[in-house]
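Inspection log for the structure reproduced underneath, given as C-alpha cells.
Protein chains: 2
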Amino acid sequence: MGESWVNSAERIGSDLHLELTAPGGRRAALTDALREAVRGGRLAPGTRLPPYRSLAADLGVARNTVADAYAELVAEGWLTARQGSGTRVAERSEPLRPRTRVPKRTPPRARGPLHDLRQGAPDASAFPRTAWLASYRRALQQAPTEAFGPGDPAGRIELREALTEYLARARGVRTAPGRIVVCSGFAHALRLLFRPGAGVLRGPLAVESYGLPFHRGLLAEAGVRTVPLPLDEDGADVGRLGRERAVLLTPAHQFPTGGPLHPARRAAVADWARARDAVVLEDDYDGEFRYDRRPVGAVQGLAPEQVILVGSVSKSLSPAVRLGWMVLPERYVEGVLAAKGEREAWASVPDQLCLADFVASGSYDRHVRRMRQRYRGRRNRLVAALAERAPHIGVTGVAAGLHAVLRLPSGTERSAVEAARWRGVALDGLAGFRHPEAGPDAIGHDGLVVGYASPSEHAFGAALDALCEALPPAPS
Amino acid sequence: MGESWVNSAERIGSDLHLELTAPGGRRAALTDALREAVRGGRLAPGTRLPPYRSLAADLGVARNTVADAYAELVAEGWLTARQGSGTRVAERSEPLRPRTRVPKRTPPRARGPLHDLRQGAPDASAFPRTAWLASYRRALQQAPTEAFGPGDPAGRIELREALTEYLARARGVRTAPGRIVVCSGFAHALRLLFRPGAGVLRGPLAVESYGLPFHRGLLAEAGVRTVPLPLDEDGADVGRLGRERAVLLTPAHQFPTGGPLHPARRAAVADWARARDAVVLEDDYDGEFRYDRRPVGAVQGLAPEQVILVGSVSKSLSPAVRLGWMVLPERYVEGVLAAKGEREAWASVPDQLCLADFVASGSYDRHVRRMRQRYRGRRNRLVAALAERAPHIGVTGVAAGLHAVLRLPSGTERSAVEAARWRGVALDGLAGFRHPEAGPDAIGHDGLVVGYASPSEHAFGAALDALCEALPPAPS
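For the record, the sequence lines run as chains A and B.
Mapping the first sequence onto the working numbering, position 340 (from 1) lands on 340, and the numbers just tick up by one.
Mapping the second sequence onto the working numbering, position 222 (from 1) lands on 1222, and the numbers just tick up by one.
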C-alpha cells in the first residue's frame, strides 16, 4: 500500500500546483491542498491518509510539517484521528450540493423593463459621484478616531448639525441636533416608532386613503391597525380624525395623488394633535421638489412638539445611500434612541460623515437644484406629450415630486397598465395604492402613477412615446 | 395705523439684514424674513400684517412680490388670510420650547472611561483610512449606473463574489454568491432569521451557557426562548442537544470564555443537525484572529447545508462600517430575502461596493494581518504583565480574538470590576455573560473579560498598568 500513498500524494501535489518552495508556506500549502482534495472529493470520506513519514518523504518536507497539517485539518473536522486506526478523511465532509433552486440574482432594475416608469426612484444616472466622493474624502480625512469605534445611535453629531441648519432653511423645520435621530430611511423610522411591545407610538394610526402599500404592510406586520382618512382636493380630511393618537400624512405632496394639504387643514391637524396630545407623522418624502413655486414648508415648523418629521436621501440623492432622519418632539427622543439600541447598528458612519459634509458644503443644495430643473423638465414634457397625443387624459396634482397621476376614463386602468407592459413600460395603476378599507371619496378614479424620474435623460423620450401609445383612446 | 406698519416693515428689514438687492431673491428674502420674524416672536400670533401695497412701497418691491410671499406663508401655515380681516400671524405658530430634558449626546466611547478595556471593539485608531478611501474611489468610479438605483436585498453581486472567494480561502467556507445575503451585522442577521411571525427559524434555540447578553435580549424580544448548553474545556456540550431545531455557537473561539469547539464536537453537531434537519448558527465573530496557529476553519465548511455562518467587519475593520454577511444553506435563501424585503433597506450600497474592492484587492487581508500582529502583541503584553505582577491570575482560552478572560479567585469578581472602575478602567465581569438559566458547569468561575483591542497603541501600556493595580491580591 506504500506505493499507492506515494502516488496519491504526488497526484494531490501536481493537481493543485502545490508550491512547496513558496517562502514560509509549506505547511499552509499542504493544508490547503489536502483540504481541497477532501472538499473536491478526490479524497473520499473514510480514506486513510499516509503516515507522516511517508508523505513527508514524498513531498520533501519535514515530518512535523505533515503532522501539523494533519492536526489542523483534524481540528477543523476535515480529518479524524483515532488511536490505532491512523488519520482518515472524516465521514461528514459532504460535498456542496449543486445550486439547483437558487436563481442567479441580479438587481431588480437591471433585469427590469425596457422603460421604467414606476414611481419612487430618482434618476440613478444623475448620482453626483464626483461631489459625493469629494465629500467622502474630506469626511474620512477629518473624522476623529472615535468615529471608527461603536457609533452613537442618535447618529453623528456632524450630520445632525448639518441637517438642523438645512431643514430649517429648506423646509422650515424648527429643531435642534439633540432632537434628530439618524436612521436608514422611512421604513426604518416606522419600525423604530412602532416596535411591537416597546414602540414609542401605538396604533391605531390614521393614514391617507391612498398611500404606499409597503408602508401599510410594514405597519400591519408591527401589529398596527391603520384607519383611512378620505382625501379630497384639499388633501386628507383631518376633520374626521377621531380616537387615533397618531396620523401619517404627506402634507407637501400627497402620495400618490399629488395635492398639497390645504393650509387650513395644516393648522387643524396641528390643533388636533395639540388638543389630544397626539402626534402627526409627516412623511416629507419629496418636499424639496416643487416646480411651480418655492417648496411649501413642513407642517413640523408649525408645531415642533406635535410633529415627527421623517425624511431621507432616497428621492433627493439615491436609495443606495441608506440614510434618513427623524425630527422628533422632545418627549420621543429617548424612546426612539432606546429602540435603536445602545450602539448604532444600522446607518453607516462613514456615509453619515460624508452626507454631513455634502450638506454643509452646499453640494446637496446644488444637486437638489439640478435635479429640480431636470424633473421639472420631465414633468413638462409629460404634460406636453399628453396635451398633444392624449388630450383627454388629465394630470392631477401640483407640479412637484418625482411622479404624476394620470386620470383615466373610468374602467380603463387595468387594461392601460397591461397595454403599457406590452410596450415594455413598467408602471402602476392608482388602485394598488388605495387603502383596502377606504370608503368612497372625492378623488377615487382610475389612474396611472407615472414615475418620470427613474429613466436616464437620454431614455426618457422613448419611455414617453411608449407610454402615450399605451393610453386608452378618447371616448367617442 | 399706516405709520406703524411702515416702522414694522422697516424694523423687520433691518433686523434681518434683508438684502432685497440680491439677484432674483426679493420674494425669497422677504418670505424668509417674515417667517423668521414670526418664528422668533417679533411678529406675535394674531398680529395683522400690512396690506400688500404698503409693504411693497416701504420696501421698494413690486406689489406681487409681497402678495406671493404672503401666499407662501399662508400655504405653510405661518399666516392666515381671511376675507375681510386681512392677513394675520397664525395662532398656532408656537415657539420651539427650550431643550430642557434632552442631554447633549456624545458618542459612548468619546465620553467614556480613561481606559476602555470592554470587549467588542477593535482599535479605532487603526482604521485603514487611506486604503479604504482608495477602494471607495475605485468602487464609486467603476460602479454601474444601476448601483445608484434601488438595491438588491441580497446585496451587491460584487461583494458576494469577493466574500465567496475570501471566506473559502480564509475560513474554509464553502458557498456561492447566490447563497450569501448581505446584512448590517450579526444583530441584523438574528432579526432576519427570527422575525416574529415570518422567521426562517423558530425557537427554542440552544445557546452556549456564556454569550452576549445583547443577543439574548434581542432573541427574547423576538419571542425566541434560548436554552443554555453547558460549556466545558472542549466547548459547548452539543451531546446535550435535544428537541431544539437550531443551535447558536461560536466554534472558533467561544465567546467570551475563549476555547475552540473540540473537533469531535464540530463533527457531532454537524451530524446532529443533519439527522434532525436542524441548523447550526455559526457566529464567526473573530475567526480571523488566531495567534498561536492558523485560524481554525469554520464549521460551515463541514456541512454547508446545515450551517448558517454569520460574519461582519465589526471586529476585523470597524463597527462604524455597518456590513455583515449571512452564508446560507440553499433552503433558507429565499426566506431570508423575503425577510429583507423587496429592496435593500439597510446596507449602504457604496459601502458594499467599497468593501468588495477592499476584499478583492487584498487590502482586507493586509489589514487583518496587520491587526493580527498588533493584537497578538497586546495579548502577549497582557499575559506577561500578569505573569510578572499577578502570577496568581490565569488567562483562560486560546491565544485568539480581541479579548481574554482572566480567572479570578472565587468571590472577587464584583470587587475587581469596581476596583478597576475606580482606576478609570472599564471592563466587564464574566458573570454578566452567563445565561440566567445556566446550570453549574465546568468553566463557571469568577473572571474578568478584558478587551485588549480597543485602546489605541500608545494608550495600551497605561491601561494594562491600571488593570494590574485593580486585580485582587494572591490568596495568602
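Note that beta-carbon positions come from the ideal geometry of N, C-alpha and C, so glycine has one too.
Original post:
If you draw a straight line from the alpha carbon of Leu-1386 (chain B) to that of Gly-1394 (chain B), how long is it in whole angstroms?
Top reply: Here the question's residue 1386 (chain B) lines up with position 386 in the second sequence. Here the question's residue 1394 (chain B) lines up with position 394 in the second sequence. Annotation: Leu-1386 (chain B) to Gly-1394 (chain B) spans about 8 Å, alpha carbon to alpha carbon.
**OP:** Look up Ser-1312 (chain B) in the DSSP assignment and say whether it is helix, strand or coil.
**Re:** One-based indexing of the second sequence puts residue 1312 (chain B) at position 312. Three-state DSSP puts Ser-1312 (chain B) in a strand.
Original post:
Thinking just about the alpha-carbon of each residue, which of B:Ala-1390, B:Pro-1051, B:Asp-1446, B:Ala-1474 is nearest to the one in Gln-1083 (chain B)?
Top reply: If you number the second sequence from 1, residue 1083 (chain B) lands on position 83. Taking only the C-alpha atoms, the option nearest Gln-1083 (chain B) is B:Pro-1051.
Original post:
What first and last residue would you give for the beta strand (DSSP E) that runs through Glu-208 (chain A)?
Top reply: Here residue 208 (chain A) refers to the residue found at position 208 of the first sequence. Start and end: 205 to 208.
Subject >> Pro-329 (chain A): CB within 7 Å of a non-hydrogen atom of the ligand HEM >> reply: Of the ligands one can find in the structure shown there are none, so the ligand HEM has no counterpart to examine.
Subject >> Euclidean distance between Cα positions of Pro-1113 (chain B) and Arg-379 (chain A) >> reply: Numbered from 1 along the second sequence, position 113 holds the residue referred to as residue 1113 (chain B). Numbered from 1 along the first sequence, position 379 holds the residue referred to as residue 379 (chain A). Straight-line measurement puts the Cα of Arg-379 (chain A) at about 56 Å from the Cα of Pro-1113 (chain B).
**OP:** Please check if any C-beta of chain A sits within less than 8 Å of the C-beta of His-1458 (chain B).
**Re:** Stepping through the second sequence from its first residue, residue 1458 (chain B) is reached at position 458. It does not: the Cβ of His-1458 (chain B) has no partner Cβ on chain A nearer than 8 Å.
Original post:
For Phe-1127 (chain B), which residues from the same chain have a beta carbon less than 6 Å from its beta carbon, with the 5 sequence-adjacent residues on both sides left out?
Top reply: By 1-based counting over the second sequence, the position of residue 1127 (chain B) is 127. Closer than 6 Å at the Cβ level, and outside the excluded window around Phe-1127 (chain B), lie Ser-1318.
**OP:** Output, in chain order, the set of chain B residues within a Cβ distance shorter than 7 Å of Tyr-452 (chain A).
**Re:** One-based indexing of the first sequence puts residue 452 (chain A) at position 452. Correct list: empty, because the minimum Cβ distance to chain B is about 15 Å.
Original post:
Just checking my contact of Glu-36 (chain A) with Pro-153 (chain A) at CB under 8 Å: how many whole Å lie between their CB atoms?
Top reply: Position 36 of the first sequence, counted from the first residue, corresponds to residue 36 (chain A). Position 153 of the first sequence, counted from the first residue, corresponds to residue 153 (chain A). The beta-carbon distance between Glu-36 (chain A) and Pro-153 (chain A), rounded to whole angstroms, is 44 Å. This is too long to meet the 8 Å contact definition.
Subject >> Cβ-based burial, Leu-467 (chain A) [other Cβ within 10 Å; buried from 16] >> reply: Taking the first residue of the first sequence as position 1, residue 467 (chain A) is located at position 467. Label assigned to Leu-467 (chain A): buried.
Subject >> Nearest to Arg-487 (chain A) (by Cα), restricted to the options A:Ala-273, A:Ala-220, A:Arg-414 >> reply: This structure gives no information on residue 487 (chain A), because the portion of chain A shown stretches from 1 to 476.
**OP:** Out of B:Pro-1177, B:Asp-1441, B:Pro-1473, point me to the one whose CA is closest to Pro-1391 (chain B)'s CA.
**Re:** Along the second sequence, read from residue 1 onward, the residue named residue 1391 (chain B) stands at position 391. Nearest C-alpha to Pro-1391 (chain B) among B:Pro-1177, B:Asp-1441, B:Pro-1473: B:Pro-1473.
**OP:** Check each residue of the stretch 1138 to 1149 of chain B: if its Cβ is closer than 9 Å to any Cβ of chain A, include it; give the result in chain order.
**Re:** Answer in chain order: Leu-1140, Gln-1141, Ala-1143, Pro-1144, Thr-1145, Glu-1146, Ala-1147, Phe-1148, Gly-1149.
**OP:** Within the same chain, show all residues whose beta-carbon is closer than 7 Å to that of Glu-158 (chain A), passing over the 5 residues directly before and after it, in chain order.
**Re:** The residue given as residue 158 (chain A) occupies position 158 in the first sequence. Residues Leu-353, Ala-356 of the same chain have their beta carbon placed closer than 7 Å to that of Glu-158 (chain A), with the five preceding and five following residues left out of the count.
Original post:
In or out: Gln-141 (chain A) buried (at least 16 other Cβ within 10 Å) or exposed?
Top reply: Locating residue 141 (chain A) in the first sequence gives position 141, where the first residue counts as 1. Flag for Gln-141 (chain A) reads exposed.
Original post:
Since His-115 (chain A) contacts Val-405 (chain A) with CB under 8 Å, what's their CB separation in whole angstroms?
Top reply: Here residue 115 (chain A) is taken as the residue at index 115 of the first sequence, counted from 1. Here residue 405 (chain A) is taken as the residue at index 405 of the first sequence, counted from 1. Under the criterion of beta carbons closer than 8 Å, His-115 (chain A) and Val-405 (chain A) do not qualify as touching, at roughly 18 Å.
Original post:
Hey, out of B:Ala-1453, B:Val-1227, B:Val-1038, B:Arg-1369, whose CA is closest to Ala-1438 (chain B)'s CA?
Top reply: Here residue 1438 (chain B) refers to the residue found at position 438 of the second sequence. Nearest in C-alpha terms to Ala-1438 (chain B), of all of B:Ala-1453, B:Val-1227, B:Val-1038, B:Arg-1369, is B:Val-1227.
**OP:** Look up Arg-1331 (chain B) in the DSSP assignment and say whether it is helix, strand or coil.
**Re:** Here residue 1331 (chain B) is taken as the residue at index 331 of the second sequence, counted from 1. Assigned with DSSP and collapsed to three states, Arg-1331 (chain B) falls in helix.
Subject >> Alpha-carbon to alpha-carbon, Asp-1032 (chain B) and Glu-305 (chain A) >> reply: Locating residue 305 (chain A) in the first sequence gives position 305, where the first residue counts as 1. Locating residue 1032 (chain B) in the second sequence gives position 32, where the first residue counts as 1. Taking the straight line joining both Cα atoms gives about 22 Å.
Original post:
What do you get for Leu-121 (chain A), buried or exposed, if any count of 16 or more other CB atoms within 10 angstroms of its CB means buried?
Top reply: Counting from 1 along the first sequence, the entry for residue 121 (chain A) is found at position 121. Note on identity: in this sequence residue 121 (chain A) is Ala, with Leu being the wrong assignment. With 16 or more Cβ atoms within 10 Å of its Cβ, Ala-121 (chain A) is classed as buried.
Original post:
By the criterion of Cβ-Cβ separation under 8 Å, what are the contact partners of His-1188 (chain B) in chain A?
Top reply: The count along the second sequence starts at 1 and reaches residue 1188 (chain B) at position 188. Think of a sphere of 8 Å around the beta carbon of His-1188 (chain B): the chain A residues whose beta carbon falls inside it are Ala-345, Trp-346, in chain order.
Original post:
Name the chain A residues that come within less than 7 Å of Gly-1297 (chain B), Cβ to Cβ?
Top reply: One-based indexing of the second sequence puts residue 1297 (chain B) at position 297. Residues of chain A whose Cβ lies closer than 7 Å to the Cβ of Gly-1297 (chain B) are, in chain order, Glu-76.
Subject >> First and last residue of the uninterrupted beta strand (DSSP E) at Pro-1228 (chain B) >> reply: Along the second sequence, one-based indexing puts residue 1228 (chain B) at 228. Note, Pro-1228 (chain B): beta strand (DSSP E), 1226 to 1229.
Subject >> Residue of B:Gly-1259, B:Gly-1239, B:Phe-1255, B:Thr-1257 minimising C-alpha distance to Asp-1271 (chain B) >> reply: The sequence position of residue 1271 (chain B) within the second sequence is 271, counting from 1. That would be B:Gly-1239, whose Cα lies nearest to the Cα of Asp-1271 (chain B).
**OP:** Compare the C-alpha of Ala-278 (chain A) against each of A:Ala-198, A:Ala-246, A:Val-450, A:Ser-184 and name the closest.
**Re:** Along the first sequence, one-based indexing puts residue 278 (chain A) at 278. If we check each option's Cα against that of Ala-278 (chain A), A:Ala-246 comes out closest.
**OP:** Step through the CB atoms of chain A and report whether any lies within less than 8 Å of the CB of Arg-1039 (chain B).
**Re:** Sequence index remark: in the second sequence, residue 1039 (chain B) carries index 39 (1-based). It does; some Cβ of chain A falls within 8 Å.
**OP:** Show which residues of chain B have a CB atom less than 9 Å away from the CB atom of Leu-34 (chain A).
**Re:** Your numbering for residue 34 (chain A) matches position 34 in the first sequence. Chain B residues near Leu-34 (chain A): none, gap ~12 Å exceeds 9 Å.
Original post:
Alpha carbon to alpha carbon, how far is Arg-423 (chain A) from Ala-470 (chain A)?
Top reply: As a working note, residue 423 (chain A) is residue 423 in the first sequence. As a working note, residue 470 (chain A) is residue 470 in the first sequence. Answer to the nearest angstrom: the Cα atoms are 7 Å apart.
Subject >> Selected residue, minimal CA-CA separation from Asp-407 (chain A), among A:Gly-444, A:Met-371, A:Thr-65 >> reply: Your numbering for residue 407 (chain A) matches position 407 in the first sequence. The identity of residue 407 (chain A) in the sequence shown is Arg, whereas the question assumes Asp. Distances from the CA of Arg-407 (chain A) to each of A:Gly-444, A:Met-371, A:Thr-65 were compared; the closest alpha carbon is that of A:Gly-444.
**OP:** From the DSSP output, read off the bridge partner residues of Met-326 (chain A).
**Re:** Your numbering for residue 326 (chain A) matches position 326 in the first sequence. As a beta-bridge residue in DSSP terms, Met-326 (chain A) pairs with A:Val-181, A:Val-310.
**OP:** Reducing DSSP to helix, strand and coil, say where Gly-217 (chain A) ends up.
**Re:** The sequence position of residue 217 (chain A) within the first sequence is 217, counting from 1. It is helical.
Original post:
Mapping DSSP to helix, strand and coil, what is Thr-1021 (chain B)?
Top reply: Stepping through the second sequence from its first residue, residue 1021 (chain B) is reached at position 21. Low confidence applies here, because Thr-1021 (chain B) scores a pLDDT of 47, under 50, leaving its location unreliable; read the following figure in that light. In the structure shown, Thr-1021 (chain B) sits in coil (DSSP, three-state: anything other than H, G, I, E or B).
**OP:** State the CB to CB distance for the pair Val-1074 (chain B) and Pro-263 (chain A), rounded to an integer number of angstroms; the pair is presumed to be in contact (CB under 8 Å).
**Re:** To locate residue 1074 (chain B), count along the second sequence from 1; it is residue 74. To locate residue 263 (chain A), count along the first sequence from 1; it is residue 263. That belief holds up - the Cβ atoms of Val-1074 (chain B) and Pro-263 (chain A) are roughly 5 Å apart, short of 8 Å.
Subject >> Secondary structure of Asp-1286 (chain B), DSSP reduced to three states >> reply: By one-based count along the second sequence, residue 1286 (chain B) stands at place 286. The answer is coil: DSSP assigns Asp-1286 (chain B) none of H, G, I, E or B.
Original post:
Are the C-beta atoms of Ala-1339 (chain B) and some chain A residue less than 8 Å apart?
Top reply: For the purposes of this step, residue 1339 (chain B) is taken as residue 339 along the second sequence, with counting starting at 1. It does not: the Cβ of Ala-1339 (chain B) has no partner Cβ on chain A nearer than 8 Å.
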